[in-house]
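Peer 1:
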Amino acid sequence: MPTVNLRHSVRAIILAEDERILLCRFAIPEPAGTVVWATPGGGIEPGETPLAALRRELQEEVGLAVPTDPPHVWHQEVVAPGHAKGYDGVINDYFLVRTPPFEPRGALSDDQLAAENISGLRWWHPREIASYDGTDLFSPRDLATFLTALITAGAPSAPIHLGL
2 MPTVNLRHSV RAIILAEDER ILLCRFAIPE PAGTVVWATP GGGIEPGETP LAALRRELQE
62 EVGLAVPTDP PHVWHQEVVA PGHAKGYDGV INDYFLVRTP PFEPRGALSD DQLAAENISG
122 LRWWHPREIA SYDGTDLFSP RDLATFLTAL ITAGAPSAPI HLGL
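Under the working numbering, think of the first position of the sequence shown as 2, with each following residue one higher.
1. Mapping the DSSP letters down to three states, classify residue 69 as helix, strand or coil.
2. Between the Cα of residue 139 and those of 4, 155 and 29, spot the shortest distance and give me the residue it belongs to.
3. Indicate the three-state DSSP secondary structure (helix, strand or coil) for residue 142 in the structure shown.
4. Give every residue of the same chain whose Cβ lies closer than 7 Å to the Cβ of residue 123, excluding the five residues on either side of it in the sequence, and list them in chain order.
5. Taking the alpha carbon of residue 145 as the point to measure from, which residue in 14, 10, 4 and 113 has its own alpha carbon closest?
6. Leaving out the 5 sequence neighbours to the left and right, which residues in its chain are closer than 6 Å to residue 78 when beta-carbon positions are compared?
7. Whole angstroms is fine: what's the gap from residue 8's alpha carbon to residue 107's?
Spelled out as structure tokens, the structure:
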């Protein structure tokens, strides 16, 4: 059986006190015109722990310092060639970060963010995600359902496994 090369990434479910979630707008080059709203985060570098990667990514992308170890709440494996350039898919581990509302502005410049396909940041309420009827996608696809369950029940004792 061939080896599958998956990119291991960490992502933050950043929830403000009013239950809004901060999402990054990813303008994906292939297929052209694809826009995906996803939580901030990114790949774990060699020798880096998942929480160190999470802290680095949040500083870079949104300017948020995470002083404590947030709970690991979701786990996602997507095996789909082309889903992550140079990989056969991704493993995303999601951590819950509660925070007062803030104006996101990370250490990366707009050009550096664009190089990572990030073209914007926005706070969304779960109701807005659930009722969205435009062409943009959300990741995970059923984000509103998972997010509502997380807000209602709190952090699970073990990470919930997500689909695409």
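Where is the CB? At the ideal position from N, CA and C, for every residue including glycine. Note that the structure is a prediction, hence the values are computed from the model and not measured.
Peer 2: Result, derived from the coordinates:
1. If DSSP states are grouped into helix, strand and coil, residue 69 belongs with coil.
2. Nearest neighbour of residue 139 by Cα position, chosen from 4, 155 and 29, turns out to be 29.
3. Reduced to three states, the DSSP call for residue 142 is coil.
4. Within the same chain, residue 123 has close Cβ partners 24 and 26.
5. Selected option, being the one with the closest Cα: 14.
6. Here the set comprises 92.
7. Taking the CA atoms as reference points, residue 8 sits about 23 Å from residue 107.
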